[in-house]
Amino acid sequence: MLTGELRSKIDGVWNAFWAGGIANPLEVIEQITYLLFMRGLDEAHTREENKANRLGKPMERRIFPEGKDGLGKGKGVEYEDMRWSKLKNKDPATMFKLVSEHVFPFLRNMAEAGTAHADHMKGARFTIPTPALLAKVVDLLADIPMEDRDTKGDLYEYMLGKIASAGQNGQFRTPRHIIALMVEMMAPGPKDVIVDPACGTCGFLVAAGEYLRENHPKLFHDVASRDHFNEEMFHGFDFDGTMLRIGSMNMTLHGVDNPDIRYKDSLAQEHAGDSDRYSLVLANPPFAGSLDYETTAKDLLAVVKTKKTELLFIALFLKLLRPGGRAAVIVPDGVLFGSSTAHKEIRRMLVEDQRLDGIVKLPSGVFKPYAGVSTAIVFFTKTNSGGTDNVWFYDLRADGFSLDDKRSALLPGEKIGPKATLGSDEHAKNNLPDIAARWKSRNSSERERPRTAQSFCVPKAEIAAAGYDLSINRYKEIVQEATVHRPPKEIIAELKALEQEIKEGLEELEAML
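For the sequence shown, the working numbering begins at 36 and goes up steadily by one.
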């Protein structure tokens, strides 16, 4: 969790851009990301140098080559001079010339041809207008500690939260602690192949990578597992070039060398080559209403005939997953109880043809200040042969933050998120640790919980009988507290006594007058 001081520093960087004439939030964060990327590359190169010195061996991975880049009239500059640690000490004019004429061409060409990073970075443009603004921003960023991986992630998420255009076209940035909850519940393993078909800035993929680093550190000791992590595990699609660049750099900054982050309109393009490929879907896709049949991928319409994007995305998840693959995805509430034929059919498919594992109802304030939409997390496993027995429901009422537009933290930073250790009185402010714990018991003790509890299980037969309605309120039982009324005679006697008291008071007042 960020301190007030760190927030102020990031706000200072942001305000410097605005004062310098760059007012587009996406452009601001893109330029900040490039600078952070430059700093991250230098830090990675330094780690490799230190490792090589300790082992007395040549560097295994040299980010900045030896020699000059061969650009410009002077036949280029030393790659060594492009490193953040050297750049930040240059005078503004020299720094500006180096970054614009040498560093950015290096960033555009540094990745291996054919990689996702190389494709997205072709569009990287340096748009900071003056040496003075560049020097000011570099000074401000240099003053922010980025060594800690969690701090780096928090800083980046805080900046992403400033994208004012979020919410257009149905796009809402998923809060980091909700992503962490979904990843914790899915518990990705070293052999998983993970996809987010609407990846944006790659928040889900980054969180999955961090989970693996923390819970499966030995995977980096094995060459095959390490290569799988860097090249085969992470896949993300988006049709916004800016988001693809930011997402690609975000993955690189978090230590994934060559993720598959590529341009794709997930609902409009056919999915040959991606069908039945992935073992885990983590997503919060944009739900922008309806699409025309003409623009919708025919293989999705074969799953469910609809124009509704929220239903088409579920069809997409089923298409992408291999048998046995799992999904944790955020959907608008209407998916759970919509009455159209397509709504009912997609729910029937999840319950009857696949295995529906659970539903977590989210409070409507989770996506504020962007929107007050009511949503839920749906967990299912692709089986193509059914398997739903009981469906686990959880009514999430508090996520650690206020549910108004301010989204103020209700607890200290260490008590936010699904891994926090809470006292009994703190559960009412953060349900996430309880969700993660109860999810593991959904096939045992949770089945004994009453319908009046915050979580409980519902048998498949009951859900089928209810027309596959997946709204938690359909099955939840509410205990009405008995109201104790006073006897009427007692109330009447009290009223008569008050009336007599008022009468006597008026008589005393008349006597005084």
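We put the beta carbon where it would ideally sit given N, CA and C, even for glycine.
In three-state terms, what does DSSP make of residue i?
| i | result |
| --- | --- |
| residue 69 | helix |
| residue 202 | Below a pLDDT of 50, predicted positions are generally treated as unreliable, and residue 202, at 44, falls in that range; no measurement from the model is reported. |
| residue 522 | coil |
| residue 470 | helix |
| residue 378 | helix |
| residue 252 | helix |
| residue 446 | coil |
| residue 43 | helix |
| residue 544 | helix |
| residue 131 | helix |
| residue 369 | helix |
| residue 95 | coil |
| residue 179 | coil |
| residue 101 | coil |
| residue 282 | helix |
| residue 313 | strand |
Where does residue i land, buried or exposed, given buried means 16+ other C-beta within 10 angstroms?
| i | result |
| --- | --- |
| residue 98 | buried |
| residue 433 | buried |
| residue 458 | exposed |
| residue 233 | buried |
| residue 519 | exposed |
| residue 199 | Unreliable positioning characterises residue 199 in this predicted model, as indicated by a pLDDT of 46, which lies under 50. The coordinate reading is nonetheless provided below. Residue 199 comes out exposed. |
| residue 487 | exposed |
| residue 318 | buried |
| residue 410 | buried |
| residue 404 | exposed |
| residue 283 | buried |
| residue 535 | exposed |
| residue 279 | buried |
If you follow the beta strand (DSSP E) that residue i is in, where does it begin and where does it stop?
| i | result |
| --- | --- |
| residue 292 | First-last for residue 292: undefined, no H or E at that position. |
| residue 425 | 425 to 430 |
| residue 391 | 390 to 396 |
| residue 494 | 490 to 494 |
| residue 270 | 269 to 273 |
| residue 412 | 410 to 416 |
| residue 229 | 229 to 231 |
On a CA-only basis, which of the options is nearest residue i? Give me that one, please.
| i | options | result |
| --- | --- | --- |
| residue 326 | 312, 301, 308, 316 | 301 |
| residue 342 | 378, 314, 179 | 378 |
| residue 408 | 75, 208, 180, 303 | 208 |
| residue 299 | 365, 273, 224, 321 | 273 |
| residue 43 | 278, 217, 72, 193 | 193 |
| residue 96 | 105, 84, 173 | 84 |
| residue 157 | 513, 542, 142, 169 | 142 |
| residue 108 | 87, 126, 137, 122 | 137 |
| residue 237 | 530, 320, 180 | 320 |
By Cβ distance, which residues of its chain are closer than 8 Å to residue i, with the 5 residues on each side in sequence left out?
| i | result |
| --- | --- |
| residue 103 | 110, 111, 112, 113, 114 |
| residue 305 | 332, 333, 334 |
| residue 120 | 77, 81 |
Which residues in the same chain have their Cβ closer than 6 Å to the Cβ of residue i, if we skip the five residues on either side of it in sequence?
| i | result |
| --- | --- |
| residue 418 | 389, 390 |
| residue 270 | 230, 295 |
| residue 627 | Outside the shown range of the chain, which is 36 to 548, sits residue 627, and nothing can be said about it. |
| residue 492 | 425, 427, 481, 482 |
Using a Cβ-Cβ cutoff of less than 7 Å, which residues in the same chain neighbour residue i once the five nearest sequence positions on both sides are dropped?
| i | result |
| --- | --- |
| residue 437 | 443, 445 |
| residue 59 | none |
| residue 223 | 229, 243, 246, 247, 315 |
| residue 330 | 303 |
| residue 385 | 391, 415 |
| residue 203 | Confidence in residue 203 is poor, its pLDDT being 45 and thus under 50, which makes the residue's placement unreliable; the coordinate value appears in the next sentence. Contacts found: none. |
Following the continuous alpha helix (DSSP H) through residue i, name the residue where it begins and the one where it ends.
| i | result |
| --- | --- |
| residue 260 | 258 to 262 |
| residue 215 | 211 to 221 |
| residue 303 | Premise fails: residue 303 is in no alpha helix (DSSP H) and is neither H nor E. |
| residue 351 | 344 to 355 |
| residue 482 | From DSSP, residue 482 is part of no alpha helix (DSSP H); its letter is neither H nor E. |
| residue 143 | 139 to 144 |
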